[in-house]
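Everything below concerns the one structure shown next.
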Amino acid sequence: MLDISELTVRYGKLTALEKTDIRVDEGEAVFVVGPNGAGKSTLLKTVAGLLRPAGGRIAFEGQSIAGGAPERLCRRGLALVPEGRHIFRTLTVEENLLVGMMIRRDRAAVQDDLEQILGLFPILRERFRGVAGNLSGGEQQQLAIARALLQRPRLLMIDEPSLGLAPLVIDQVYASLKELNATGLTLLVVEQSTARVLDLATRVYVLRGGKVVLSDTAEALASGDAMEEAYFGYAGQADA
Amino acid sequence: MRNFMQVMVDAVALGSLLALVALAIGLVFGVMRLINFAQGDYITIGAYALVVPTASLTPALFIGALPVPLMVAGVLMVVVLLALATERVAFRPLRNSDPATLLISSFAVSYFLQHLVMLLHTGRPKSVGIGQALTTPIEILGLRVPGIQVVTMAVTAALLIALVLFLKRTPMGIQMRAAAENFQMARLLGVPANRVIAVAFVISGLLGGTVSLLLIVQTGTLDIRMGLMPVIFAFFATVIGGMGSLAGAALGGFLVGVASVLLQSYLPEGLRPFRDAFVFGLVIVILLVRPKGLIVIGAARERV
Ligand SMILES: Nc1ncnc2c1ncn2[C@@H]1O[C@H](COP(=O)(O)OP(=O)(O)OP(=O)(O)O)[C@@H](O)[C@H]1O
Ligand SMILES: [Mg+2]
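Going down the list, the protein sequences come from chains E and W.
First residue of the first sequence: 53, per the working numbering; consecutive thereafter.
First residue of the second sequence: 267, per the working numbering; consecutive thereafter.
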């Protein structure tokens, strides 16, 4: 579904991603983990069209999308929940969700989707007419995910869904992601911590210093320390 | 007391006019972080479009010769097209530049437009009689108020209401507010960047053209710098109102207008020539007390 090959992204002289290959098949939940500055956000932003790659290819459903404008890419079925959520604080919860639904042409189905998503995140129904800036961090994360879901993407990318959330709330967010993945939504999720990755992932990439240092199925990684070792460099090395 | 009421009417009328200019500046600033000083030249050119370009000091009417509805539509159209053209040619290519670059480019556009007018119409002030019927005073509650002031207030009120309804109730308005808060995120959700910005410029053109008409009926004088003072005052209005808040811009416009008329009327005779200095001093005092402006909105511009 998403095929990234030899992707290179630079900020001026700094190379944030170098010849990275990542693949996401339909129905998967692919995780990209890595320490601060590994290039995880850069990867998602580039796929979503916020950054222009310096080299390499990105194909979505067989068509090249590298360098496309974000407002076009989301119409093709890509959605990104960026790091830090970025809800519209001065808009109401309802208006935030409306902005998410704006690209939809199937008006009737949108209402059903809204009902279903408000069922998944009941707090949003409670705060429907309230200003989104007043939501707690976890509620904002739910709003950001709900807003992306209303676009009815075929591939949902989420940058650090657990960032800044209490463990209990992370459980909730992961539970809803698992439910969505089970109903067929393809996920590409970036996380800094490896802690919960294996609860949800089908495959995992470990990114360090802009390069993929490990990729394997979740099953294979579940037995053993390969993921931690790749994450921290060589086992026991002090640079972690 | 009667005299004071008369002064207040003047004050509110000027405040209304500045609120319109401040809204135009605030709206464009909202979606692209551009402080558009060329807004003043939109106003100037809207007014000059009323007359035939000649060197004559009492030029023949051009758009101004049309029946009123067509004249209004004509001026609005000229200013809207001008606003769109400057967006397309000068501002869109700089879309991702920092605010300082945008500000400088708006100075350049303003300078260019001023000289264009000078080239076509010469730089000398001209007199033009449009809507003189509106300058005759009408009696309201024992006050004699020039009709144009009543019209100015009514038009401002109507436009304010229309703008609020647009921003709160229409899909484009909601997208515009979203884009004003976080442009990148709005794009990620499919908000069409170019269209939102173009619409903001269209509205700034409509507001600018309205101000052209109101101003020219009030003063009867065309001057290549006629848009300058309104735009500087409106700029201060948006700053004290809280950059990025439209309600703040409108409120700031009213305050600056009211303050300048009150100072004009009640400062000691000898100090009146320095009225503007007092207004600016007031702006500084307000900013010292409330550095973020009167109405503070959430985070300025977030980046994804
Ligand atoms: N706008 C930018 N300008 C310059 N350098 C940047 C910019 N954004 C990121 N970088 C650099 O690119 C590298 C990768 O950044 P990126 O944000 O992709 O990391 P990340 O893996 O998401 O890290 P984190 O876990 O902290 O979110 C870092 O070295 C960072 O300093
Ligand atoms: Mg990141």
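Glycine included, every Cβ here is placed at the ideal spot set by N, Cα and C.
Here the structure is a predicted model, which means the values were calculated and not measured.
Less than 8 angstroms between the CB of residue i and some heavy atom of ligand 1, yes or no?
i	result
E:Lys92	yes
E:Asn88	yes
E:Gly101	no
W:Ala515	no
E:Asp211	yes
E:Gly64	yes
E:Leu95	yes
E:Ala247	no
E:Ala131	no
E:Ala68	yes
Within its chain, find whatever has a CB closer than 6 angstroms to the CB of residue i; leave out the 5 residues flanking it on each side and keep chain order.
i	result
W:Thr320	none
W:Phe499	Leu284, Val522
E:Ala196	Val133, Arg137, Ile139
W:Ala445	Val297, Ala452, Val457, Val462
E:Lys263	Glu70
W:Phe328	Val317, Val318
Near residue i, what residues of its chain come up, given a Cβ to Cβ distance below 8 angstroms and the 5 sequence neighbours on each side ignored?
i	result
E:Phe140	Glu147, Asn148, Val151, Ala184
E:Ala282	Val258, Arg260, Val265, Leu266
W:Leu386	Tyr314, Pro319
E:Arg248	Ser214, Ile222, Tyr226
W:Val505	Gly518, Val549, Leu553, Gly559
W:Thr367	Leu360
W:Phe295	Ile301, Asn302, Thr504, Met509, Gly510
For residue i, is the beta carbon positioned less than 8 angstroms from some heavy atom of ligand 3?
i	result
E:Val241	As presented, the structure is devoid of ligand 3, carrying ligand 1 and ligand 2 as its sole ligands.
Please determine, among the options, the residue with the shortest C-alpha to C-alpha distance to residue i.
i	options	result
W:Leu521	W:Ala304, W:Ala288, W:Val294	W:Ala288
W:Val411	W:Val551, W:Leu369, W:Gln272	W:Gln272
W:Ala503	W:Thr352, W:Pro391, W:Lys558, W:Ile482	W:Lys558
W:Met343	W:Arg354, W:Ile309, W:Ala326	W:Ile309
E:Glu271	E:Arg179, E:Gly190, E:Gly91, E:Arg255	E:Arg255
E:Gly236	E:Val225, E:Val242, E:Arg206	E:Arg206
E:Leu69	E:Glu80, E:Asp55, E:Thr98	E:Thr98
W:Ala420	W:Leu347, W:Ile561, W:Ser282	W:Ser282
W:Arg361	W:Phe449, W:Ala525, W:Ile490, W:Val545	W:Phe449
W:Leu454	E:Glu178, E:Ala200, E:Thr144	E:Ala200
E:Leu96	E:Gly114, E:Arg127, E:Glu80, E:Leu59	E:Leu59
E:Phe180	E:Glu231, E:Thr144, E:Gln115	E:Thr144
W:Thr388	W:Leu431, W:Arg299, W:Ala423, W:Arg491	W:Arg491
W:Pro496	W:Ile427, W:Met509, W:Ile482	W:Ile482
W:Asn302	W:Ala543, W:Gly493, W:Ser531, W:Phe540	W:Gly493
E:Gly114	E:Leu250, E:Gly101, E:Asp268, E:Asp77	E:Asp77
W:Thr357	W:Phe544, W:Arg299, W:Gly312	Looking at the sequence shown, residue 357 of chain W is not Thr but Phe. Of the listed residues, the one whose Cα sits closest to W:Phe357 is W:Arg299.
E:Phe284	E:Ala90, E:Ala81, E:Ile56	E:Ala90
E:Leu208	E:Ile74, E:Arg124, E:Leu239, E:Met154	E:Leu239
W:Leu332	W:Pro325, W:Ala374, W:Val317, W:Ser322	W:Val317
W:Thr422	W:Ala349, W:Ala516, W:Ser393	W:Ala516
Grab me the residues of residue i's own chain with a C-beta within less than 7 angstroms of its C-beta, minus the 5 sequence neighbours each way, in chain order.
i	result
W:Arg443	Leu433
W:Gly395	Gly486
W:Val527	Val273, Asp276, Ala277, Leu280
W:Val524	Ala277, Val278, Gly281
W:Glu568	Only weak support is given to the placement of W:Glu568: the predicted model assigns it a pLDDT of 45, under 50, and the question is left unresolved by the model.
E:Ser57	Asp73, Gly108, Arg109
Sorry if obvious, but does the Cβ on residue i come closer than 8 angstroms to a heavy atom of ligand 2?
i	result
W:Glu447	no
E:Glu135	yes
(request) May I ask you to list, following chain order, the residues of the stretch 133 to 147 of chain E that have a beta carbon less than 7 angstroms from some beta carbon of chain W? (result) Pro134, His138, Phe140, Arg141, Thr142, Leu143, Glu147
(message) Please list, in chain order, the residues of the stretch 435 to 456 of chain W that have any C-beta partner in chain E closer than 8 angstroms.
(response) Pro437, Ile440, Gln441, Arg443, Ala444, Glu447, Asn448, Gln450, Met451, Ala452, Arg453, Leu454, Leu455, Gly456
(request) Take every Cβ of the stretch 120 to 136 of chain E, pair it with every Cβ of the stretch 58 to 65 of chain E, and state whether three or more of those distances are shorter than 8 angstroms. (result) no
(request) For the stretch 458 to 473 of chain W, enumerate the residues whose C-beta is nearer than 7 angstroms to any C-beta of chain E, in chain order. (result) Pro458, Ala459
(request) Could you run through the stretch 95 to 124 of chain E and flag, in chain order, every residue whose CB is less than 9 angstroms away from some CB of chain W? (result) Lys97, Ala100, Gly101, Leu102, Ala121, Pro122, Glu123, Arg124
(request) Check distances from the C-beta atoms of the stretch 231 to 263 of chain E to those of chain W and list, in chain order, the residues that come in under 8 angstroms. (result) none
(message) Contact between the stretch 173 to 182 of chain E and the stretch 472 to 486 of chain W is defined here as three or more beta-carbon pairs at a separation below 8 angstroms; is this criterion met?
(response) no
(message) Check whether the stretch 212 to 231 of chain E and the stretch 179 to 195 of chain E touch, using three or more Cβ-Cβ pairs below 8 angstroms as the test.
(response) yes
(message) Whether or not the stretch 341 to 357 of chain W and the stretch 453 to 473 of chain W are in contact is what I'm after, with contact meaning three or more pairs of Cβ atoms, one per stretch, closer than 8 angstroms; do they touch?
(response) yes
(request) Residues of the stretch 154 to 173 of chain E with a CB closer than 8 angstroms to any CB of chain W: list them in chain order, please. (result) Met154, Ile155
(request) Compile a chain-ordered list of the residues in the stretch 184 to 199 of chain E whose CB is closer than 8 angstroms to at least one CB of chain W. (result) Gly185, Arg199
(message) Below 8 angstroms, how does it come out for the stretch 452 to 462 of chain W and the stretch 412 to 430 of chain W: are there three or more Cβ pairs, yes or no?
(response) no
(message) Quick test of the definition: if touching needs 3 or more C-beta pairs under 8 angstroms, does the stretch 240 to 247 of chain E touch the stretch 71 to 87 of chain E?
(response) yes
(message) For the pair the stretch 294 to 313 of chain W and the stretch 528 to 548 of chain W, tell me if three or more CB-CB distances fall below 8 angstroms.
(response) no
(request) Could you tell me whether the stretch 162 to 169 of chain E touches the stretch 107 to 115 of chain E, where touching means 3 or more Cβ pairs closer than 8 angstroms? (result) no
(message) Using a Cβ-Cβ cutoff of 8 angstroms, what residues of the stretch 76 to 96 of chain E are near chain W? List them in chain order.
(response) none
(request) Taking a Cβ distance cut-off of 7 angstroms, strictly less, list which residues of the stretch 59 to 77 of chain E are near chain W, in chain order. (result) none
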